[in-house]
Amino acid sequence: MQSSVQLTESGRLKHFLTVSGLSKELLTEILDTADSLIEVGERNIKKVPLLRGKTVVNLFFEASTRTRSTFELAAKRLSADVLNINIDTSAASKGESLSDMLKNLEAMASDMFVVRHAQSGAPHFIAESVTPGVAIVNAGDGWHAHPTQAMLDMLTIRQNKGQFEGLKVAIIGDILHSRVARSQIRALNTLGVDEVRVIAPNTLLPKHVESLGVSVFNDIDKGLKDIDVIIMLRLQRERMQGALLPSEGEYYQLFGLTRERLKLAKPDAIVMHPGPINRGVEIESEVADGEQSVILDQVTNGIAVRMAVMSMAMSGQTEEQNNVNENRANESEGIS
Amino acid sequence: MKIEILNGKRLVNSADNAQNMSAQWVDFDRIEIQDGVIYSIDQSHPDFKADISFDGAGCYILPGLIDLNVSLREPGYTAKGSIYSETKAAAAGGVTTLCCTPETKPINDSKAVSKLIEELAQEAANCEVLPLGALTQGLQGEQLSEYASLKNAHCIALSNGYHPIKNLAITKRCFEYAKTHNLSVFINAIEDSLHKGVMHEDEISTTIGLQGIPDLAETVAVSQLIKLAEATGVHLHLSQLSTADAVAQVKAAKVKGLRITADVAIQNLLYTDEKVANFSSVFHCMPPLRSEADRLALLEGVKSRVITAITSAHQPHEAAAKQMPFAETEVGMSSIEFLLPMAMKLELEHNLPLTDFIFAMTQGAAQVLNLPIPQVVEGQKANLCIFDPDISYVLEQANILSMGKNTPLIGQTLTGCLKATIFEGRVSYSV
């Protein structure tokens with residue numbers, strides 16, 4: 001449904017806005033490409049020339065340290081020039097519109113925007129309004145999608161479990177406000193896991209959440225049974241306001257991942273968290289740092305996955321521009 | 001000015017039985033119009049020399065449409081529209097009478113603003129404009145506006161738009177004071193505390209991560225408003241219902257004999273939240289486009305006359321208002337100009353007979369406003385549309401008269417072409 005904006009006519013990636021609408025083959029290609037790029041990070045000279053001569057603009061309308069840094073490193077390892085722009089949204093809203101700002105940045109001959117925005121759909125809007133040839137990569141929009149996070153999580157799962165078939169995955173926490181969860185659920189189902197469970201109180205679940213292709217558990221002890229992969233979500237402190245939760249204490253008591261609870265999952269289950277972690281709120285410190293935790297692998301994989309989607313989107317744009325130019329040339333020669 | 005219309009079909013109905021009206025198209029040879037009224041139908045007047053003659057072959061002649069909820073944007077928001085531009089668009093949509101919302105700048109909570117709107121509308125002379133006065137001062141939901149002055153300045157009813165009323169005690173007093181002055185209240189039913197989203201809350205809002213507005217935001221409010229209307233005896237008109245449950249509640253209230261009417265925005269009859277799945281801001285509407293079950297219940301409500309009227313809920317915007325991430329864009333569609341092609345879409349694709357649409361935008365709307373029932377009969381005010389239902393064309397942005405180009409119909413093939421609108425015996429629009 002949302003795929004047409006981000007794919008070329010031949011079905012290649014030209015923007016990366018959401019995993020929704022992308023095929024299993026394409027998601028697997030992203031993982032394979034990322035796998036092949038992990039090696040770059042282990043070299044003495046950590047560079048490949050895939051984006052040489054290209055300008056990547058990190059356009060962050062929402063604060064982020066980890067995601068922005070890994071995007072920056074990924075672009076630099078691909079030999080691109082990188083411009084980081086952090087925009088305080090309140091300041092932006094006083095002045096020029098988003099469209100005007102983009103036009104100005106395009107005038108600086110940017111080739112790619114990596115966009116994080118508090119509004120769901122903002123990268124879609126930007127992808128529809130930029131000049132052809134400029135690629136948009138979604139670095140997280142509102143509650144909608146965080147596709148590079150989901151793909152780095154998929155890479156981490158594949159490294160640890162070998163395949164997706166037969167896996168049972170539990171996502172625990174604030175699904176309602178989570179772009180990460182939405183993208184993970186979509187990616188896991190496309191890649192063919194056996195079951196995706198969401199575990200949360202009803203106040204943190206969106207309406208008809210089961211329509212995303214998940215089974216719903218209010219009881220973490222029941223939900224963890226037979227689970228291969230546990231994905232914890234960060235609990236934002238502001239959820240105590242607006243009567244979504246009574247207290248961090250009660251949340252931890254009911255949904256916190258402790259060593260005791262971890263024993264309810266399969267013995268070889270892995271524990272993931274997109275970060276930053278609230279120790280003692282959603283996860284016990286010993287679990288976050290424990291043997292089953294792969295949280296730091298996720299960070300390492302983040303760079304490779306971002307290198308993969310950036311290079312794939314850029315080559316999709318190049319392919320499309322070449323087609324356009326070819327057609328123009330043919331038309332002007334009267335061949336068409 | 002003398003006008004004649006030759007060889008068409010006119011809508012004839014039995015106005016004495018509004019609930020079970022049977023309307024049918026009856027052939028005529030000649031309608032003569034002079035002095036602002038329908039002078040004669042199929043009578044031979046050799047002396048009648050028409051200044052303008054319309055060939056009505058293949059056309060329907062129907063009463064001018066009455067639109068209960070239109071944002072004219074003036075005074076205050078003239079980048080979006082003006083009284084001249086939007087009444088011109090209304091005429092091009094077949095509308096001869098419209099109610100304009102009080103959400104202007106300054107807000108229409110005073111005689112001065114009402115008079116200004118009236119003067120500008122009379123100058124434009126494209127259609128009759130009946131202002132809705134603000135239910136509360138500044139639409140703040142706290143203090144009563146001066147209803148007597150507003151009525152004196154020809155406000156036809158009162159509305160608070162989508163601005164919340166602070167509490168039920170104030171709503172009750174508004175109703176009591178409106179009843180005192182025999183004014184109807186037009187209420188957009190919302191429970192503000194549940195109304196924080198930007199689209200219908202359902203599977204699609206869950207999938208794309210936009211904050212949803214639950215049905216409850218409307219249905220809880222409707223049940224409270226019906227109780228308050230019953231207690232105060234005011235004529236409550238529920239503007240732009242969007243949920244199946246609200247339709248059921250209105251039906252029950254009508255069965256009970258309460259003086260409650262309701263309308264629906266035409267976009268809620270045509271579209272559902274599916275349209276928002278790609279963050280398409282042209283479909284960012286208020287009330288939100290809801291589920292297919294809601295849409296079907298609204299259509300059924302129109303057919304069964306539980307919903308008395310259809311409105312364009314016309315909201316013209318400048319381009320920039322829709323060029324932002326979805327949640328930041330302004331709500332509403334520019335639609336008054338395309339009412340009849342949209343009605344044809346409803347007939348051809350959604351089984352709503354055109355005569356039901358016409359009922360809702362003529363007789364039904366007139367009942368809400370306590371106006372005489374418009375009909376194409378001798379002696380009636382000459383407010384008429386000449387409409388050819390068979391012509392198809394592609395809508396191009398350059399041909400839109402409204403300043404608001406925010407319609408999803410651009411580039412689409414529309415069926416049904418309004419050839420002319422006659423307002424008070426003059427041609428207010430012709431192709």
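If you're matching them up, the sequences are chains G and W in order. Residue 69 in my numbering sits at position 69 of the first sequence, and the numbers go up by one each step. Residue 296 in my numbering sits at position 296 of the second sequence, and the numbers go up by one each step. Ideal Cβ positions, reconstructed from N, Cα and C, are used throughout, including at glycine. Quick caveat: nothing in here was measured; it's all calculated off a predicted structure.
**Study point:** Uninterrupted alpha helix (DSSP H) stretches inside the region 97-182 of chain W (no shorter than 4 residues)
**Key:** 111-124, 147-152, 168-180
Review point. So which of C59/W, L270/W, T171/W, S242/W has the shortest CA-CA distance to E230/W?
Key: T171/W
Check your understanding: In whole angstroms, what separates the C-alpha of I171/G from that of V198/G?
Key -> 5 Å
Practice item. Between the Cα of S193/W and those of N182/W, K166/W, L210/W, spot the shortest distance and give me the residue it belongs to. Key: K166/W
Exercise for review: Determine the chain G residues that contact G212/W at a beta-carbon separation under 7 Å, and present them in chain order.
Suggested key: K207
Practice item. Give the straight-line distance between the Cα atoms of L59/G and K322/W, rounded to the nearest whole angstrom. Key: 21 Å
Review point. Can you name the start and end residues of the alpha helix (DSSP H) that T207/W belongs to?
Key: 203-208
Exercise for review: Note down, in chain order, all residues in the region 307-336 of chain W with a beta-carbon under 7 Å from any beta-carbon belonging to chain G.
Suggested key: A320, Q323, M324, P325, F326, A327, E328
Point to revise | Close-in-space but distant-in-sequence residues of the same chain around L212/G (CB under 6 Å, 5 per side omitted) | key: I185
Check your understanding: What are the boundary residues of the alpha helix (DSSP H) that A343/W is part of?
Key -> 339-350
Practice item. Would you list, in chain order, the members of the region 172-186 of chain G that have their beta-carbon closer than 7 Å to a beta-carbon of chain W? Key: R179, R182
Exercise for review: Indicate the three-state DSSP secondary structure (helix, strand or coil) for D356/W in the structure shown.
Suggested key: helix
Review point. Could you give the residue range of the beta strand (DSSP E) that holds G416/W?
Key: 413-423
Check your understanding: How about L132/W and C100/W: do their beta carbons lie closer than 8 Å?
Key -> yes
Practice item. Pick out the complete alpha helix (DSSP H) segments inside the region 226-310 of chain W, 4 residues or longer, and give them in chain order. Key: 244-255, 266-270, 292-303
**Study point:** Residue span of the beta strand (DSSP E) that contains E195/G, given as start and end
**Key:** 195-199
Review point. Between the C-alpha atoms of M1/G and L120/W, what's the straight-line distance to the nearest angstrom?
Key: Residue placement at M1/G cannot be trusted, given a pLDDT of 41 that sits under 50; what the coordinates show is reported in the next sentence. Cα to Cα, the separation comes out at about 46 Å.
Review point. D245/W versus chain G: which residues are under 9 Å apart at the beta carbon?
Key: Within chain G, no residue comes near D245/W; the closest Cβ sits about 15 Å away, beyond 9 Å.
Review point. H15/G CB to nearest chain W CB: under 8 Å?
Key: no
**Study point:** Under 8 Å (Cβ pairs) to chain W, residues found in the region 109-139 of chain G
**Key:** H117, Q119, S120, G121, A122, H124, F125, S129
Point to revise | Within 8 Å, strictly: CB atoms of P274/G and Q159/G | key: no
**Study point:** C-beta atoms of I266/W and V250/W nearer than 8 Å
**Key:** no
Review point. Any contact of the region 161-170 of chain G with the region 224-234 of chain G, i.e. 3+ C-beta pairs under 8 Å?
Key: yes
Exercise for review: Please decide whether H273/G counts as near chain W, where near means a Cβ-Cβ distance under 8 Å.
Suggested key: no
Review point. Is the shortest distance between the beta-carbon of Q6/G and the beta-carbons of chain W less than 8 Å?
Key: no
Review point. Does any CB atom of chain W fall closer than 8 Å to the CB of L212/G?
Key: yes
Check your understanding: By Cβ distance below 6 Å, which residues in the same chain neighbour E62/G in space, the five residues on each side in sequence not counted?
Key -> R116, A118
Exercise for review: Following the continuous beta strand (DSSP E) through Y60/W, name the residue where it begins and the one where it ends.
Suggested key: 60-63
Check your understanding: the region 258-282 of chain W: which residues have C-beta closer than 7 Å to a C-beta of chain G, in chain order?
Key -> A277, N278, F279
Check your understanding: Under the rule that 16 or more other beta-carbon atoms within 10 Å means buried, what is S336/G, buried or exposed?
Key -> Only weak support exists for where S336/G lies, its pLDDT of 46 falling under 50; the value from the coordinates is given anyway. Counting Cβ neighbours within 10 Å, S336/G comes out exposed, since fewer than 16 surround it.
Point to revise | Whole-angstrom distance between N108/W and V129/W, CA atom to CA atom | key: 14 Å
Check your understanding: Which stretch, first to last residue, makes up the beta strand (DSSP E) that contains E4/W?
Key -> 3-12
Review point. Would M151/G pass as a contact of V271/G if the rule is Cβ separation under 8 Å?
Key: no
Practice item. Using a cut-off of 8 Å between C-beta atoms, extract the partners of I410/W located in chain G. Key: The contacting residues do not exist; I410/W stays about 15 Å from chain G at best.
Review point. Is the CB of G142/G under 8 Å away from at least one CB in chain W?
Key: yes
Review point. For S351/G, which residues of its own chain have a beta-carbon under 7 Å away from its beta-carbon, when the five flanking residues on both sides are left out?
Key: The question about residue 351/G has no answer, for chain G in this structure spans 1 to 336.
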